[in-house]
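Have a look at the structure below before the remarks.
In our numbering, the protein residues as written are 17 to 194.
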């Protein structure tokens with residue numbers, strides 16, 4: 017009985033993000049499903065696909081690696097063909113799905129500035145609110161902190177869209193602009 021090529025799995029699928037890291041390698045096992053000695057070679061038909069080793073004898077394995085490189089988002093099809101003299105070649109389809117790069121979160125604040133007025137030694141001015149929004153993608157985790165002792169912000173952190181209340185304490189401040 018002549019040698020015959022067996023390949024497992026019979027198809028492969030890879031997934032990655034555009035501009036991101038290459039996905040983990042995958043392996044196709046090659047076996048002789050016939051008789052005699054199998055001397056095989058493997059080749060691919062896609063620039064984004066590489067395989068190693070390109071040939072072997074008897075049972076073995078071919079490691080497939082895909083590269084996102086400059087590929088744009090989309091689905092790509094390729095194939096690895098195993099062949100040997102006197103046998104029918106075996107083709108293993110390979111699909112590579114490249115997803116759009118996620119948009120990172122970005123913080124938006126409205127209004128972009130606040131102004132308070134008070135009389136020295138008098139009552140603290142009314143609180144004001146800053147609306148916080150995610151102007152990007154994903155999930156926004158934010159924090160707010162004053163850079164002076166006469167300001168307070170509550171809450172000090174949050175997730176997603178929200179609001180921060182800003183309080184001014186006149187305390188021992190003298191007349192002037194701060």
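Where is the CB? At the ideal position from N, CA and C, for every residue including glycine. For clarity, every value in this text was computed on a predicted model and none was experimentally measured.
Proximity of the region 145-159 to the region 111-127 meets the contact definition, three or more beta-carbon pairs being nearer than 8 Å. Residue 28 places its beta carbon 8 Å or farther from that of residue 119.
With contacts defined by Cβ atoms closer than 8 Å, residue 32 and residue 114 form a contacting pair. Under the DSSP assignment, residue 188 falls outside any beta strand (DSSP E); it carries neither an H nor an E label. A Cβ-Cβ distance of about 27 Å is found for the pair residue 85 and residue 46, leaving them out of contact under the 8 Å criterion. Around the Cβ of residue 188, a 10 Å sphere holds fewer than 16 other Cβ atoms; the residue is exposed. Distances from the CA of residue 128 to each of 102, 142, 179, 71 were compared; the closest alpha carbon is that of 179.
The criterion of a C-beta distance shorter than 8 Å is satisfied by residue 20 and residue 103. Within the region 95-125, complete beta strand (DSSP E) segments of at least 3 residues are found at 106-115, given in chain order.
Of the other Cβ atoms in all chains shown, fewer than 16 fall within 10 Å of the Cβ of residue 17; this residue is therefore exposed. When DSSP states are grouped into helix, strand and coil, residue 132 belongs to the coil group. The region 135-185 contains, as complete beta strand (DSSP E) runs of 3+ residues, the segments 144-150, 157-159, 167-170, 173-175, 178-184 (chain order). Residue 56 carries a strand assignment under DSSP once its states are collapsed to helix, strand and coil. Comparing C-alpha distances from residue 182 to each of 61, 191, 161 shows the shortest one belongs to 161. Within the same chain, 114 come within 7 Å of residue 90 by CB-CB distance, once the 5 residues on both sides are set aside. Distance from residue 140 to residue 186 at the Cβ level is roughly 6 Å; contact confirmed, criterion being Cβ atoms closer than 8 Å.
The beta-bridge partner set that DSSP reports for residue 87 is empty.
Cβ-Cβ distances below 6 Å link residue 22 to 47, 49 in the same chain, with the five nearest sequence neighbours on each side left out; the list follows chain order.
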